[in-house]
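Numbering (full-length UniProt numbering), first residue to last: 1 to 161. A virtual CB, placed ideally from N, CA and C, is assigned to each residue, including glycine.
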């Protein structure tokens, strides 16, 4: 698992953490060999600050296509941008839809996390307006597990049809 705050498909932290695209396409990350069962990528709110929806979508597609080439037998899931159902999170919702479009375009699964901070009543556990406190990350474990399980089940039933 790779985790480095402040990054996204375009957003990076120079000298510390490359963008997802740079990490995958330019081999800045030491990715595993073999065939991981599932590859999970999160769309990033960090990309919403200085990048157009189209540029984020293009980089997302490039990164996913490279992962599909590297791991042809793996299931790839693109997660949406975690957000609140409040007007000041509207930009995150728009970019969430750009991520959904990238997932559709590349044929990978999309796990929509729009509004989860509201749905699961997580406001008291927020470090700021966007992030859960580190010690409260676990509060999304069950919702994530259940959503991922349901999403993967739809893929399995589609493959059987």
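Sheet register partners of residue 75 (DSSP bridge): What you label residue 75 is simply residue 75 of the chain shown in a count that begins at 1. 38.
Rounded C-alpha distance that separates residue 90 from residue 48: Working through the chain shown from its first residue, we reach residue 90 at position 90. Working through the chain shown from its first residue, we reach residue 48 at position 48. Going from the Cα of residue 90 to the Cα of residue 48 covers about 11 Å.
For residue 13: DSSP bridge partner residues: On the chain shown, residue 13 is found 13 positions in, with the first residue counted as 1. According to DSSP, which records beta bridges pairwise, residue 13 is partnered with 17.
Beta strand (DSSP E) segment containing residue 109, residue limits: In the chain shown, counting from the first residue as 1, residue 109 sits at position 109. Segment 109–111, the beta strand (DSSP E) holding residue 109.
Three-state class that DSSP yields for residue 4 in the structure shown: On the chain shown, residue 4 is found 4 positions in, with the first residue counted as 1. Here residue 4 sits in coil by DSSP.
Per DSSP, cross-strand counterpart(s) of residue 117: The count along the chain shown starts at 1 and reaches residue 117 at position 117. Listed as beta-bridge partners of residue 117 by DSSP are no residues whatsoever.
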